[in-house]
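So the structure is just underneath, and the comments pick up after that.
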Amino acid sequence: MTNQSGATTLGEGQYEFKTDVNLIFGNQRVERSHVLRTSAYSISIWKTRNPGIGLSPFKDRTSSVTKEASIIDKEIWVFGINATSSQDIVNAVKLASRYYNTKPSDILSDIYAKNLNDDREADMANEVLIRANKALYSDVCKALVDAAKLLGISNQLNFYVFSKSNNPKIPQPDLIEALKTGGASSAATDDHKPRVSVGNNLGTRSVQQLTNFHLAKLKCYA
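Heads up, the sequence shown is in the numbering used here, so the first residue is 1 and it goes up one at a time.
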């Protein structure tokens with residue numbers, strides 16, 4: 001396993017099913033010494049969904065909006081982060097950079113997401129949900145690029161996406177199209193399909209799924 005400093009995750013829900021940040025294309029694995037995990041949930045909601053997980057909570061008040069965070073297994077988790085908000089991403093990356101005493105580019109070069117879905121999915125017909133999820137992934141790409149610019153990052157961003165192989169909520173061709181619409185210079189699907197644990201939206205059950213693994217390359221010009 002080779003060393004590759006940092007990674008950021010988006011949309012974490014269940015600790016038990018946290019995103020694998022060690023996997024890269026070609027079924028290779030890398031070590032990560034600086035990991036930022038972000039969740040859209042507030043810390044209070046996250047705690048109810050993850051009983052028994054030890055937290056070391058604190059609040060970061062250095063930005064205009066106070067963010068809740070915690071250290072879990074030597075990784076920093078930041079809560080209340082909207083993955084389509086460049087400012088939320090900036091605030092989380094700055095907090096992680098201070099914690100690890102490293103550059104923002106060490107945190108926000110490799111970004112991971114797993115099965116992101118529109119919050120309103122339960123109320124949507126299938127075709128409407130696909131369009132909503134395409135817009136979601138495009139908006140996340142744009143937010144990542146904008147956040148990188150605000151942080152002075154000019155290197156390429158690697159956005160890795162795990163998505164169920166036969167995902168009816170956003171089929172593979174639609175996901176690739178959404179990533180490119182969001183600004184990816186290229187978006188590809190790895191030949192290797194990892195098997196990952198995923199939970200339902202309530203966090204009450206889980207299954208092992210064969211999953212597509214995608215890589216979108218986002219160019220940044222600070």
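Every residue, glycine too, gets a C-beta built ideally from N, C-alpha and C.
Residue nearest to residue i in terms of C-alpha spacing, selected from the options
i: alanine 83; options: Asn133, Phe58 and Pro51; result: Asn133
i: glutamate 12; options: Asp146, Phe162 and Ser97; result: Phe162
i: lysine 193; options: Gln172, Pro168 and Glu177; result: Gln172
i: serine 197; options: Asp191, Gln208 and Ala187; result: Gln208
i: lysine 164; options: Val128, His214 and Ser138; result: His214
i: aspartate 225; options: Leu55, Asn166 and Ser185; result: Given that the chain is displayed from residue 1 to residue 222, the structure contains no residue 225 and the question cannot be resolved.
i: serine 186; options: Val78, Leu218, Ile53 and Leu136; result: Leu218
i: asparagine 212; options: Ser5, Gln14, Ile24 and Tyr15; result: Ile24
i: arginine 37; options: Leu151, Tyr112 and Leu210; result: Tyr112
Spatial distance of residue i from residue j (CA atoms)
i: leucine 179; j: aspartate 60; result: 31 Å
i: glycine 26; j: arginine 195; result: 14 Å
i: valine 35; j: alanine 216; result: 20 Å
i: aspartate 88; j: serine 39; result: 11 Å
i: asparagine 117; j: aspartate 174; result: 13 Å
i: asparagine 155; j: cysteine 220; result: 6 Å
i: lysine 114; j: leucine 95; result: 23 Å
i: alanine 69; j: valine 128; result: 34 Å
i: lysine 47; j: leucine 10; result: 17 Å
Residue i: first and last residue of the uninterrupted alpha helix (DSSP H) it sits in
i: glutamine 172; result: 172 to 181
Whole-angstrom C-beta distance between residue j and residue i, which should lie under 8 Å
i: isoleucine 153; j: leucine 108; result: 6 Å
i: valine 93; j: threonine 8; result: 7 Å
i: serine 86; j: alanine 147; result: 4 Å
i: isoleucine 53; j: tyrosine 99; result: With 8 Å as the limit, isoleucine 53 and tyrosine 99 do not qualify as a contact, their Cβ atoms being about 19 Å apart.
Endpoints, beta strand (DSSP E) assigned at residue i
i: threonine 9; result: 6 to 10
i: lysine 164; result: 157 to 164
Every unbroken alpha helix (DSSP H) inside the segment 77 to 153 [4 residues or more]: 86 to 100, 104 to 107 and 126 to 150
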